[in-house]
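What follows is one structure encoded as structure tokens, with my remarks underneath.
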Amino acid sequence: MSEKILMKGNEAIGEAAVVAGCRHYFGYPITPQSELIEYMAKRLPQVDGVFLQAESEVAAINMVYGAASAGCRVMTSSSSPGISLKQEGISYIAGSQLPCVIVNVQRGGPGLGSIQPGQADYFQATKGGGHGDYRNIVLAPNSVQEMADITIEAFDLADKWRNAVMILGDGALGQMMEPVEFKESSSKPVEKSWAATGRRGRAKPNIVNSLYLQPDLMEKHNHVLQEKYAKIQAEETRWEALNTEDAEVIVVAYGITSRIAMTAINKARANGVKVGLFRPISLWPFPSQPLAELAKTAKAFVVFEMSAGQMVEDVRLAVNGAKPVSFHGRTGGMLPTPKELYEKIISVANGEGGK
Amino acid sequence: MAERTFGRPEALLDVPTHYCPGCHHGIIHRLVAEVIDELKVIDRTIGVASVGCSALAYDYFNVDMVQAPHGRAPAVATGVKRVHPDGVVFTYQGDGDIAAIGTAEIVHAAARGERITTIFVNNAIYGMTGGQMAPTSLVNQVTTTSPYGRKQDSAGMPIRLSEMLATLDGAKYLARVAVNNPANMAKAKAAIKKAFEIQIAGLGFSMVEVLSTCPTNWGMSAIESGTWMEKNMMPYYPLGTFRSGEEVAK
């Protein structure tokens, strides 16, 4: 495919997974990601893939654990409450260093929450979510095209690092339709000599495991993981900076919120306010360094999220007190309006709001 | 020159196990390994260890192994099997793993007719964590979390998993066996072999429930625990075949 077609974000992720060579998908229905599971149900049999609707999100992530152990490219998707259920398996996937792609089309929470878009799973996605010291690579697209591109990249990153990659979207990105183009992918699954495939002539069995009963060996394993995470931080940080060169106010926003923020930023620019957008694309590893650089030239930061304030903590850590960091958030499935973001920008530009 | 008539199965590694004296896990491991040898599938077998005393089974079998979260072995095995349909995939699970925390996973793997084989070791207690009440603990059985005996009015009756799964058409072979004497061991091995054959033939899900002792947590000698099993477990958990592989799905 090379022409642009109109697709929902959820469907674009599904097609991109197929382009990336994913032939195994395990999921459980939940709003607002159901178009994705439905797309995979329809699409995977056409390419001799395996689609399985599991009995629960817990089972689905464990099927992913099994399939990743067996050496294939595999994906699951869900939305916030379902992602909570997957945390057990995600921790095991981290412990066993298994590559896979997990999509969270976030909705409002906590609890059963709402079915409208949210960004309140940032902590869960970037700070662990399950038990133990581990990190998932977390990528946050802000358009349907980027959902497709990031999905393809996610499979490569997962294989490269033997790590789970979470695509953190939201109900708006999942449901909205935009033109999308699927470029031919050079993405190739890597050789997985560690996988449990059956020995097939191999002298020694392969074991996929996260259990280390001896504490010294457990610590050693943790050191291996931490070294890997440090390399990922060094090599895989992604962000976009728009109009930040001369900006006095830096808006920090990701995902759908960054799109709404751009409308507000453009209006403020038109009215002479020097404001730019810093958009983290990898939420973990978080682009702390480029933000710290911007703190040298900007006068103030303002963070927009659809949460009560989660990513703002990472922004404050990055800015490290050098400049004031303000916050404006909406929760529960409410999208911020360009008007309210514009007003917040103006108030920050006028030196109000401070820390 | 004497002919060698007995030895360690190739599918079992030459390592000491952590199992307690008098525990049946070692025997059951051996029978599974013998079956893998006899079916000549060592090269395409993938085992899934669970959580419980058999968590370390991956250290003992000479086949590729995946260690699964508590109760999730049937889901993990499903993922493995769907990637390697020509693989021979088995789970090895205890009673707490399969009949409490993992009830949903085993029921749905069976319902889907997943082409995997489950070895279910039922010793009526949580062994690894130190002797707590299991879903298969008997009424009045004293455990560390039923110190006054399991009470039917609050804990209910023990779950007979094989009978329960026998209502599912996807479960093609279900048998309950024991390994408390040589005759029963022979029957147990035949059942395990049949279960693997059902999988290899692509017929559907198969499970062998093996009654087992836990002398350490039952607080008995190996010999006493064998007698206790016969007197108490076998009447409630009758040995037999609940789905023979001959039934035709309705």
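Protein chains in written order, with our numbering: chain A, 2 to 356; chain G, 436 to 685. We put the beta carbon where it would ideally sit given N, CA and C, even for glycine.
With distance defined between alpha-carbon atoms, name the residue in G:ASN575, G:PRO451 and G:GLY566 nearest to G:ASP588.
Residue G:ASN575 is the option with its Cα nearest to G:ASP588.
Counting only beta-carbon separations shorter than 7 Å, does G:ARG507 have a partner in chain A?
Closer than 7 Å: yes.
Specify the secondary structure class of A:ILE251 as computed by DSSP and reduced to three states.
Correct three-state label for A:ILE251: strand.
I need the DSSP call for G:VAL683, collapsed to helix, strand or coil.
Residue confidence is low: G:VAL683 scores 48 on pLDDT, short of 50, so the model does not pin down where it sits. No coordinate-derived value is stated.
I believe G:VAL643 touches G:ILE554 by the beta-carbon criterion, under 8 Å. Please report the beta-carbon distance rounded to the nearest angstrom.
The pair is a contact, with the Cβ atoms about 6 Å apart (cut-off 8 Å).
Compare the C-beta of A:ARG44 against all C-beta atoms of chain G and say whether one is closer than 7 Å.
Answer no: the Cβ-Cβ gap between A:ARG44 and chain G never drops below 7 Å.
Can you grab the Cα-Cα spacing for the pair G:SER679 / G:ALA544, in whole Å?
C-alpha separation (whole angstroms): 18 Å.
Alpha carbon to alpha carbon, how far is G:GLY565 from A:HIS132?
So the two alpha carbons sit approximately 23 Å from each other.
Check whether the stretch 160-174 of chain A touches the stretch 252-271 of chain A, counting contact only when three or more Cβ pairs, one atom from each stretch, lie closer than 8 Å.
These segments touch.
Please look up how many angstroms separate the CB atoms of A:LYS275 and A:ASP315, rounded, as I've assumed it's under 8 Å.
A:LYS275 to A:ASP315, Cβ: 24 Å. No contact.
Pick out whichever of A:SER92, A:VAL59 and A:MET335 has its Cα sitting closest to the Cα of A:PRO82.
Of A:SER92, A:VAL59 and A:MET335, the residue nearest in Cα terms is A:VAL59.
Nearest by alpha-carbon distance to A:ASN143: which of A:LEU243, A:GLY10, A:GLY352 and A:ASP49 is it?
That would be A:GLY10, whose Cα lies nearest to the Cα of A:ASN143.
Following the continuous alpha helix (DSSP H) through A:GLY330, name the residue where it begins and the one where it ends.
Here A:GLY330 belongs to no alpha helix (DSSP H); instead the beta strand (DSSP E) covers 326-330.
Note down, in chain order, every chain G residue with its Cβ under 7 Å from the Cβ of A:GLU16.
Here the premise fails: no neighbours, minimum Cβ distance about 21 Å.
If you reduce the DSSP assignment to three classes, tell me which class A:SER240 lands in.
Going by the sequence as given, residue 240 of chain A is Trp instead of Ser. Three-state DSSP puts A:TRP240 in a strand.
What are the uninterrupted segments assigned as alpha helix (DSSP H) that are 4 or more residues long and contained completely in the stretch 630-684 of chain G, given in chain order?
Complete alpha helix (DSSP H) runs here, min 4: 650-653 and 657-663.
Taking the CB atoms as reference points, tell me whether A:PHE124 and A:GLN311 lie closer together than 7 Å.
Closer than 7 Å, so yes.
Are any of the Cβ atoms in chain A nearer than 7 Å to that of G:GLU442?
Per the sequence presented here, residue 442 of chain G reads as Gly, with Glu not at that position. G:GLY442 does not count as touching chain A.
Give me whichever residues DSSP pairs with G:VAL434 in a beta bridge.
No statement about residue 434 of chain G is possible, as the shown extent of chain G runs from 436 to 685 and does not include it.
With distances taken between CB atoms, is the gap from A:GLN234 to A:PRO281 smaller than 7 Å?
In this structure, A:PRO281 does not lie closer than 7 Å to A:GLN234 by Cβ.
Counting pairs of Cβ atoms below 8 Å between the stretch 437-449 of chain G and the stretch 510-523 of chain G, do you hit three or more?
Short answer: they don't touch.
Please report the straight-line C-alpha distance between G:ASP499 and G:GLY637, rounded to a whole angstrom.
Going by the C-alpha atoms only, they are around 21 Å apart.
Does DSSP classify A:SER79 as helix, strand or coil?
Strand at A:SER79.
What number of angstroms, rounded off, separates the C-alpha of G:PHE640 from the C-alpha of A:ARG163?
Cα to Cα, the separation comes out at about 31 Å.
Quick one: which unbroken beta strand (DSSP E) runs of 3-plus residues sit fully inside the stretch 58-102 of chain A? Chain order, please.
Correct list: 75-79.
Give the straight-line distance between the Cα atoms of A:ASN351 and A:GLY330, rounded to the nearest whole angstrom.
Each residue's alpha carbon lies about 19 Å from the other.
Which residue or residues does DSSP assign as beta-bridge partners of A:VAL51?
A:VAL51 pairs with A:HIS25.
Of the residues that make up the stretch 180-213 of chain A, which ones have a beta carbon closer than 9 Å to any beta carbon in chain G?
Listed by position along the chain: ALA196, ALA197, THR198, GLY199, ARG200, ARG201, GLY202, ARG203, LYS205, PRO206, ASN207, ILE208, VAL209, ASN210, SER211 and LEU212.
Run through DSSP, which three-state label would G:PHE555 get?
Of the three classes helix, strand and coil, the one that applies to G:PHE555 here is strand, per DSSP.
Which of the residues in the stretch 70-99 of chain A, read from start to end, lie with their CB under 9 Å from any CB of chain G?
Those residues of the stretch 70-99 of chain A that come within reach of chain G (Cβ to Cβ, closer than 9 Å) are SER70, ALA71, GLY72, CYS73, VAL75, GLU89, GLY90, SER92, TYR93 and SER97.
Would A:GLY119 and A:ARG74 be called neighbours here (beta carbons separated by less than 7 Å)?
Cβ atoms of A:GLY119 and A:ARG74: not closer than 7 Å.
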